[in-house]
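Peer 1:
In this note's numbering, the protein residues as written are 4 to 315.
1) List, from N- to C-terminal side, the alpha helix (DSSP H) runs of 4 residues or more that fit wholly inside the stretch 30-107.
2) Hey, would you say residue 245 sits closer than 7 Å to residue 258, going by beta carbons?
3) Measure the C-alpha to C-alpha separation of residue 306 and residue 230 and round it to an integer number of angstroms.
4) Taking the alpha carbon of residue 226 as the point to measure from, which residue in 103, 124, 24 and 131 has its own alpha carbon closest?
5) Compare the beta carbon distance of residue 80 and residue 109 with 7 Å and say whether it is the shorter of the two.
6) Kindly confirm or deny that the stretch 36-50 and the stretch 91-104 touch, where touching means at least three C-beta pairs closer than 8 Å.
7) Pull up the CB-CB distance for residue 202 and residue 156, whole angstroms please, since I reckon it's below 8 Å.
8) Restricting to Cα atoms, I'd like to know which of 281, 251 and 292 is closest to residue 274.
9) Would you decide whether residue 185 is buried or exposed? Buried here means 16 or more other CB atoms lie within 10 Å of its CB.
10) Let me check understanding here. Comparing Cα to Cα, which of 289, 298 and 220 lies closest to residue 238?
11) What's the C-alpha gap between residue 40 and residue 10?
12) Got a sec? Which residues, its chain only, sit under 8 Å from residue 22 by beta carbon, not counting five neighbours each side?
13) Leaving out five residues before and five after residue 214 in sequence, what residues of the same chain have Cβ atoms less than 6 Å from its Cβ?
14) In the stretch 97-181, which residue ranges form an unbroken alpha helix (DSSP H) of at least 4 residues, counting only runs that do not cross its ends?
15) Determine, using beta carbons only, whether residue 126 and residue 221 come nearer to each other than 7 Å.
16) Under 8 Å by Cβ, that's how I've got residue 73 and residue 34 pegged, so tell me the actual separation to the nearest angstrom.
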């Protein structure tokens with residue numbers, strides 16, 4: 004110690020707010036700053052960290068880029084959920100022959116389950132009331148962990164369980180960790196738009212995961228009574244238009260190479276829309292009370308020139 008110089012007080016403080024929550028088992032950084040009341044440079048001071056389970060480790064730290072006197076300490080959250088705390092401690096130690104007193108900082112963080120996401124796709128529309136239909140359900144872990152065996156429940160608008168399933172053993176092709184399954188469920192007996200809720204219970208995993216929920220909807224219609232055949236042609240040439248999208252309320256179809264689309268549907272009044280890029284077709288109302296065929300003439304429209312604004 005330098006003659007006539009007493010010990011210096013040392014302070015450890017957060018250089019940036021600590022994350023309030025960290026997923027169990029996940030790595031995170033704790034940024035702290037060690038400083039001396041007299042302005043001594045303490046950037047190289049060794050630190051000790053006491054972990055939530057009581058173990059004492061040397062600091063795995065590195066200087067924070069562009070932040071003098073700041074270090075980033077690499078830590079790992081416990082593998083169990085709940086509140087937990089770390090204690091960062093320095094000294095007592097000597098720096099430039101000056102004794103610096105011991106300092107410590109306690110940091111509390113909540114260890115929380117990993118998140119999961121849930122998706123529903125391949126939902127048919129419309130569905131005939133009273134019949135069964137199938138959907139695909141997939142789930143993914145924020146930690147990319149295997150969710151195979153996770154339990155899926157589907158509930159109707161009265162909150163009754165109408166279908167159950169389990170995620171498959173392998174991810175969906177083309178994905179790294181989207182585990183999925185196909186679930187069949189009954190359509191309700193009434194017509195109209197209906198909504199279902201889907202939930203995931205991940206089950207026992209090496210690291211805790213939250214469940215997830217989502218919804219999907221589809222249109223329920225009465226049984227088909229008549230067949231409507233739509234032929235889509237180009238107005239000036241009468242050439243058939245393939246791959247035109249045909250929509251009559253909830254019913255959809257696409258034309259084949261001969262320009263034909265066939266839709267089986269209940270009797271009723273429908274608004275017919277035909278759409279394809281590069282063509283225009285007027286909307287029209289169609290009353291279906293028997294098997295029938297209609298023709299729809301579309302008009303070719305020129306593509307917009309993306310450089311037109313620059314040529315004016």
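Beta carbons are placed, not taken as given, at the ideal position from N, Cα and C, and that holds for glycine.
Peer 2: To lay it out plainly:
1) none
2) yes
3) Distance between the alpha carbons of residue 306 and residue 230: 35 Å.
4) It is 131 whose Cα lies nearest to the Cα of residue 226.
5) no
6) The count of Cβ pairs closer than 8 Å, one atom from the stretch 36-50 and one from the stretch 91-104, reaches three, so the stretches are in contact.
7) 5 Å
8) Residue nearest to residue 274 within the set 281, 251 and 292 is 251 (criterion: CA-CA distance).
9) exposed
10) 298
11) 10 Å
12) Excluding residues within five positions, the ones whose Cβ falls inside 8 Å are 31 and 112.
13) 203 and 204
14) Whole alpha helix (DSSP H) segments, 4+ residues: zero.
15) Yes, the pair counts as a contact, with Cβ atoms nearer than the cut-off.
16) 6 Å
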